[in-house]
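Chains as they are written, first to last, in this note's numbering: chain S, 1 to 107; chain B, 1 to 107. No residue lacks a Cβ here, since even glycine has one placed at the ideal position from N, Cα and C.
Number of protein chains: 2
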Amino acid sequence: MLNYLLDRTFAALADPTRRAMVDRLAQGPATVSELAGPLPMSLPAVMLHLKVLEDCGLVKSQKAGRVRTCRIEPQMLSEAEKWVSERRRMWERNLDRLDAYLDQNET
Amino acid sequence: MLNYLLDRTFAALADPTRRAMVDRLAQGPATVSELAGPLPMSLPAVMLHLKVLEDCGLVKSQKAGRVRTCRIEPQMLSEAEKWVSERRRMWERNLDRLDAYLDQNET
């Protein structure tokens with residue numbers, strides 16, 4: 001289940017437009033028009049990217065009247081960060097062990 | 001340039017087989033056969049996944065005789081981690097500011 005959500009989260013982050021949207025929403029909630037403002041594409045195209053971000057759980061949106069407001073859902077952002085940082089630290093520990101081994105065997 | 005590499009890095013991480021390969025290599029270098037061992041697919045399929053990991057710069061491999069050894073290249077792992085963790089922290093700071101604002105205006 002989480003593996004499947006990680007697939008979709010990393011795939012969602014693999015697009016510069018969607019990363020720009022996450023970047024904007026990390027600074028606070030925004031309406032779809034506010035999100036679309038700086039993006040060089042049509043509103044329907046922005047809505048499609050928003051759907052990808054919502055499907056993986058990175059973003060939630062809510063409609064009030066005619067205005068849809070989007071916000072970050074932090075859990076999948078944390079899960080993606082955790083996955084990468086754990087591997088990076090694992091790699092560093094392995095490097096440290098190798099260094100220690102080489103130091104020990106230095107004569 | 002970095003944006004383009006981030007696209008490819010996140011896309012590379014969006015596949016569970018490639019994440020399993022990164023996970024294995026985070027524990028230390030491995031030959032292609034060692035990488036392929038636990039994976040339920042043919043060696044050519046593993047080689048294709050390896051190519052994706054090499055193209056984005058997450059992994060490097062080197063051939064010595066008939067044996068190809070793969071290892072993590074840590075920079076793109078760090079870049080991907082940094083991108084996600086910066087947005088997560090940005091989001092948290094924004095939440096803290098909102099909390100502070102609400103506390104201040106509480107009567």
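| task | Select from S:GLU86, S:GLY57, S:MET41 the residue whose C-alpha is nearest the C-alpha of ARG24 (chain B). | result | S:GLU86
| said: Measuring straight from C-alpha to C-alpha, what distance separates VAL32 (chain S) and LYS63 (chain S)? | reply: 10 Å
| How about MET90 (chain S): is its C-beta nearer than 9 Å to some C-beta of chain B? | Cβ-Cβ to chain B under 9 Å: yes for MET90 (chain S).
| request: Consider the Cβ of ASP99 (chain B): report whether some Cβ of chain S lies at a distance smaller than 9 Å. | output: no
| message | Using 8 Å for Cβ pairs, my map puts ARG18 (chain B) next to HIS49 (chain B). What's the rounded Cβ distance? | response | 5 Å
| task | Could you tell me the distance, in whole angstroms, from the CA atom of SER61 (chain B) to the CA atom of ALA45 (chain S)? | result | 39 Å
| query | So with Cβ pairs under 9 Å, would you call VAL22 (chain S) a contact of chain B? | reply | Yes, because at least one Cβ of chain B sits closer than 9 Å to the Cβ of VAL22 (chain S).
| field | Test: ALA45 (chain B) CB closer than 9 Å to a CB of chain S | value | no
| query | Excluding the five sequence neighbours on either side, which residues of its own chain have a C-beta within less than 7 Å of the C-beta of ARG8 (chain B), listed in chain order? | reply | For ARG8 (chain B), where only same-chain residues beyond five positions count, the Cβ hits under 7 Å are ASP55, CYS56.
| field | Chain-ordered chain B contacts of GLU81 (chain S) [CB-CB under 8 Å] | value | GLU81, VAL84, SER85, ARG88
| said: Please report the straight-line C-alpha distance between MET41 (chain B) and PRO29 (chain B), rounded to a whole angstrom. | reply: 20 Å
| request: Report all residues from its chain with a CB closer than 6 Å to the CB of ASP15 (chain S); omit the five preceding and five following residues, and keep chain order. | output: Hits under 6 Å: none found.
| query | Who are the neighbours of TYR30 (chain B) on chain S, taking C-beta pairs under 9 Å? | reply | Looking at the sequence itself, residue 30 (chain B) is Ala, so the reference to Tyr does not match. Those within 9 Å of ALA30 (chain B) in chain S number zero; the least Cβ separation is about 11 Å.
| task | For GLN27 (chain B), go through chain S and note every residue whose CB falls closer than 7 Å to its CB, in chain order. | result | MET90, ASN94
| Length of the line joining the Cα atoms of LYS51 (chain B) and ASP99 (chain B) | 47 Å
| Nearest candidate by alpha-carbon position, reference LEU53 (chain S), set S:ASN3, S:LEU43, S:ALA11 | S:ALA11
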